[in-house]
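Asker: Everything in the sequence shown is counted per numbering that gives the first Met the number 0, starting at 0 for the first residue and increasing by one. First, the structure itself, so that you have it in front of you.
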Amino acid sequence: MKTIKLLLICSISTHTLIAQRIDAVNPGTASNDYAIRGIMSSTSPGGFSSGIRGISNGTGGLGIGIWGSHNGSGWGVYGVTPNGLGVYGNATAGGYGVYANSNSGTGLAATSNTGIAANMSIFNTNNSNNVINANTAGGGTVINVSTSGTGAGVRSSTGAGFALHGITSAQTSAGLVADNNGNGEGVVGRITSDIAGAVVGRNDGGGYGVRGFIATSTANTAIGVYGQVGLNSSTGRAGRFENYNATNINANTLEVVTNGNGNIPNLALGHAASFIVNNTNSVAAAVKGEVNTIFGNFGAAAIFGRSSGTGGFAGLFHAANVSGNGPALVAITDGNGNAITANASKNGNGVETNIDGAGNALYAWVPTFATGRAGKFNNYNEDNDTDVVTVTNVGNGTGVSAKIDNTYGTATALKGEVNSIFANFGTAGVYGISSGTGGYAGLFYASNANGNGPALLALTEGSGDAIRANAGKNGNGVEGSSDGNGNGIYGFTPNFGTGRAGRFDNFNTSNVNPTVHISNAGTASALFVNHTGSSGNLAVFQNNSGNVARIDKTGRGFFNGGTQTGGADIAEAFDVNSNINDFEPGDVLVISVDKDRTVEKSNEPYSTLVAGVYATKPGVLLSEENIDTELTNKVPMGVVGVIPTKVCLEGGPIERGDLLVTSSTPGVAMKADREKVEVGQVLGKALQEFDDDSIGKINVLVNAK
0 MKTIKLLLIC SISTHTLIAQ RIDAVNPGTA SNDYAIRGIM SSTSPGGFSS
50 GIRGISNGTG GLGIGIWGSH NGSGWGVYGV TPNGLGVYGN ATAGGYGVYA
100 NSNSGTGLAA TSNTGIAANM SIFNTNNSNN VINANTAGGG TVINVSTSGT
150 GAGVRSSTGA GFALHGITSA QTSAGLVADN NGNGEGVVGR ITSDIAGAVV
200 GRNDGGGYGV RGFIATSTAN TAIGVYGQVG LNSSTGRAGR FENYNATNIN
250 ANTLEVVTNG NGNIPNLALG HAASFIVNNT NSVAAAVKGE VNTIFGNFGA
300 AAIFGRSSGT GGFAGLFHAA NVSGNGPALV AITDGNGNAI TANASKNGNG
350 VETNIDGAGN ALYAWVPTFA TGRAGKFNNY NEDNDTDVVT VTNVGNGTGV
400 SAKIDNTYGT ATALKGEVNS IFANFGTAGV YGISSGTGGY AGLFYASNAN
450 GNGPALLALT EGSGDAIRAN AGKNGNGVEG SSDGNGNGIY GFTPNFGTGR
500 AGRFDNFNTS NVNPTVHISN AGTASALFVN HTGSSGNLAV FQNNSGNVAR
550 IDKTGRGFFN GGTQTGGADI AEAFDVNSNI NDFEPGDVLV ISVDKDRTVE
600 KSNEPYSTLV AGVYATKPGV LLSEENIDTE LTNKVPMGVV GVIPTKVCLE
650 GGPIERGDLL VTSSTPGVAM KADREKVEVG QVLGKALQEF DDDSIGKINV
700 LVNAK
């Protein structure tokens, strides 16, 4: 049963019902029942036609056109349409088309079974207002979006504007905050563009464009900003930083700063930046720096390392794999500049290298196709008195080793040059010092046993000496020796020279040593002189620049002051008619009648063939033989001088001054009987007395007559 209660009906017609209030009450409980139902029966109603229309003519802020309410959890107003608008509200001025309010619940709720729960649009292209304004004066969230499915919590798309724009004016707040309480990302930006960024941070002030930081984690595994490439076989860069402003010179394009103390036990951690190529088959660089400029100013560098403290390194390259073979640092230049330039502005070293193994602290080389030097050291400061290169070795190895390893080479292994007008001590092309109690200041060793080159060659194109040597104490100025058939010292003048092959001077008037000392422990000559010229002398001897003795090139000697020999007689070499071993010094010799220029022992008294005595130590030995002829089969027969002579008592005791003649004993003389002596029988005169029964020797002034 339906009840309609009409109050204060003023007028009624077909189209108009005028009343103060109409209450329509339906106590039924059936589904889809209603208290009032208005129907536009036409299938083509006019625009803005309505089944029920409520109008409030109030011009203030009060009054409601249609008010729907529900005492439970149902709907106050419910609108249904297949394709149109279930509930439509329109504000023709500055009001709200639909206004939702709640004292404690939800002011507006929209749901859909298969469609969109809410759709809000502005179709006026000239309308620049917001589609949705949401705000709160409390501490809650302005818009809270959640999903229990797999869809997006908020999805925003736009053409030229911002899909999502968050604004805040507080420093402690953020324009956009995204939280992920699980293991996923807080913010993910995805694009398919080749020119734009998936996530862009922009700062029009002096702050950060993008800031990533670790808030509370102390696990040493968190990352402030993480860029990746290579996922799903992607290619490109994990990060890039650019400065497009050529006048931006007071800021760095990228700065990495750490206030940490470093990690001494683990050199892989604790750094301001760490770059790793984690691929054992890779040929990529962990860090690549490039500068493209025409200037070589300080700081215009692909990589600029700076140590601003009192310690630390401006650069450190560590090849940490003990089994690795790669260098810690490689510097290559394809231009004309230096591969490495190092400078120490104070007292440090420009370059310092050392080794812990058996390698080289510094290894410089020129490849087979290059024409430059393996090393060059220059000092451009004229007031710098230090060494250009100093080599110190506390071991037993060589201080400096230079080698020309080319069997057809003609270059110098070590070259020293000095360009000076002075000849001071130390002004030398090569200066060697032996500062210990042993060792050599210089050693030149031609080690090839088949080599023919000299161990040392000294040439001078000027007027100075090719070699000058001085022994400051008791050593030799020059010492030369030969282990073979060569000469200890060999001086020569070439066929175009006019100087001397050798000269020895003693300028010390108090020096009692000989100017030249020759010793010979062998069997050859102590001094050998060979004159092959057409004229000249074998030797000339001077006193105060005046000649006092000379030996001409024929071997003849000339002596201004005469001669003095160590012997006491003049002897001449003669052949013997028997075995030479049967003769000895002191034998009286007579002329052999069996062979020319031959002598034999005397064997009869008063022989007129007596010629002389076998000389013990002749002062002069004459011979018709060449001076190179060995006289081993000849006897030196003394003919004039004092000669030890064999004597006997056959003629009686001998007194000083007695004439001596041959005796019947072979090779022995006796006192002569002056009554018997004939011309040609006297050997000489006795200089000593003799009265001994056996044969003896006395000095005899030999002069056979």
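Heads up, the beta-carbon is just placed ideally off N, CA and C, and yes, glycines get one too.
#1: What are the complete beta strand (DSSP E) segments, minimum 3 residues, inside the region 545-596?
#2: Q541 bridges to which residues according to DSSP?
#3: My assumption, with CB atoms under 8 Å, is that I569 sits in contact with L621. Please give the rounded CB distance.
#4: Which partner residues of A668 appear in the DSSP bridge assignment?
#5: Are three or more beta carbon pairs between the region 575-595 and the region 660-667 nearer than 8 Å?
#6: What is the DSSP secondary structure of K684, counted as helix, strand or coil?
#7: Given this structure, state the Cα-to-Cα distance separating N632 from F557, to the nearest angstrom.
#8: Check L230 in the structure and name its three-state DSSP category.
#9: With distances taken Cα to Cα, identify the nearest neighbour of D386 among V393, N392 and F376.
#10: DSSP beta-bridge partners for V701?
#11: Would you identify the three-state DSSP class for N280, choosing helix, strand or coil?
#12: Roughly how many angstroms lie between the CA atoms of V228 and G238, to the nearest whole one?
#13: Going by DSSP, which residues form a beta bridge with K414?
#14: How would you label S591, buried or exposed, when you count the other beta carbons within 10 angstroms and need 16 or more for buried?
#15: Going by DSSP, which residues form a beta bridge with Y77?
#16: By how many angstroms is the C-alpha of D504 removed from the C-alpha of V676?
#17: Quick check on the burial criterion: 16 or more other C-beta atoms within 10 angstroms. Buried or exposed for S601?
#18: Do you know offhand how far G415's Cα is from V429's?
#19: Considering only C-alpha positions, which residue in the set G498, E629 and V477 is nearest to T522?
#20: Rounding to the nearest angstrom, what Cα-Cα distance links I697 and Y605 in this structure?
#21: Which same chain residues end up closer than 6 Å to V350 when comparing Cβ atoms and leaving out the 5 residues on each side of it in sequence?
#22: What are the partner residues of N536, as DSSP defines its beta bridges?
#23: Alpha carbon to alpha carbon, how far is D551 from D574?
#24: Can you tell me whether T661 is buried or exposed? The criterion is at least 16 other CB atoms within 10 Å of its CB, across all chains shown.
#25: Within 10 angstroms of its Cβ, does G637 collect 16 or more other Cβ (buried), or is it exposed?
#26: Where do the N-terminal and C-terminal ends of the beta strand (DSSP E) with A34 fall, by residue?
#27: Determine the contact status of V646 and L659, defining contact as a CB-CB distance below 8 Å.
#28: May I have the straight-line CA-CA distance separating R52 from I38, to the nearest angstrom?
#29: Determine the contact status of G566 and P617, defining contact as a CB-CB distance below 8 Å.
#30: In whole angstroms, what separates the C-alpha of E478 from that of Y489?
#31: CB A330 to CB A338, shorter than 8 Å?
#32: Quick one: using the 10 Å Cβ neighbour count with 16 as the cut-off for buried, is T615 buried or exposed?
#33: Which residues share a DSSP beta bridge with E599?
#34: Mind checking whether V144 and G152 have CB atoms under 8 Å apart?
#35: Determine which residues share a DSSP beta bridge with K696 and list them.
#36: Can you tell me whether E674 is buried or exposed? The criterion is at least 16 other CB atoms within 10 Å of its CB, across all chains shown.
Answerer: Let me spell this out:
#1: Runs of the beta strand (DSSP E) inside the region 545-596: 545-551, 556-558, 568-575 and 587-590.
#2: Answer by DSSP bridge pairing, in chain order: N546.
#3: Between I569 and L621, the beta carbon gap of about 7 Å places them in contact (Cβ cut-off 8 Å).
#4: V646 and T661, per the DSSP bridge assignment.
#5: Using a Cβ-Cβ distance cut-off of 8 Å, the region 575-595 and the region 660-667 are in contact, since at least three pairs of beta carbons, one from each stretch, lie closer than that value.
#6: Of the three classes helix, strand and coil, the one that applies to K684 here is strand, per DSSP.
#7: Their backbone Cα atoms lie some 30 Å apart in a straight line.
#8: Three-state DSSP puts L230 in a helix.
#9: Of V393, N392 and F376, the smallest CA-CA separation from D386 is found for F376.
#10: G640 and G683, per the DSSP bridge assignment.
#11: Looking at N280 - three-state DSSP - the assignment turns out to be coil, as it is neither helix nor strand.
#12: Inter-residue distance for V228 and G238 is about 9 Å (C-alpha atoms, whole angstroms).
#13: DSSP lists no partner for K414.
#14: Looking at its Cβ environment, which holds 16 or more other Cβ atoms inside 10 Å, S591 is buried.
#15: DSSP lists no partner for Y77.
#16: Going by the C-alpha atoms only, they are around 60 Å apart.
#17: Counting C-beta atoms within 10 angstroms of its own C-beta, S601 has 16 or more neighbours from the protein chains shown and is therefore classed as buried.
#18: So the two alpha carbons sit approximately 5 Å from each other.
#19: Selected option, being the one with the closest Cα: E629.
#20: If you draw a straight line from the Cα of I697 to the Cα of Y605, it is about 19 Å long.
#21: So the list reads A341, once near-sequence residues are dropped.
#22: Looking at the DSSP assignment, N536 forms a beta bridge with D551.
#23: C-alpha separation (whole angstroms): 29 Å.
#24: The Cβ neighbour count for T661, taken over all protein chains shown within 10 Å, is at least 16; the residue is labelled buried.
#25: With 16 or more other Cβ atoms within 10 Å, it is buried.
#26: Counted as a single uninterrupted DSSP element, the stretch harbouring A34 is not any beta strand (DSSP E), since DSSP gives it neither H nor E.
#27: It is a contact, given that the beta carbons lie within the stated cut-off.
#28: Answer to the nearest angstrom: the Cα atoms are 11 Å apart.
#29: It is a contact, given that the beta carbons lie within the stated cut-off.
#30: About 12 Å.
#31: Yes; because the gap between Cβ atoms is below 8 Å, this pair is in contact.
#32: The residue in question, T615, is buried, as its Cβ has 16 or more Cβ neighbours within 10 Å.
#33: Looking at the DSSP output, E599 bridges to V589.
#34: For V144 and G152, yes; Cβs fall inside 8 Å.
#35: Note: K696 sits in a beta bridge opposite K645.
#36: Exposed, since its Cβ has fewer than 16 Cβ neighbours within 10 Å.
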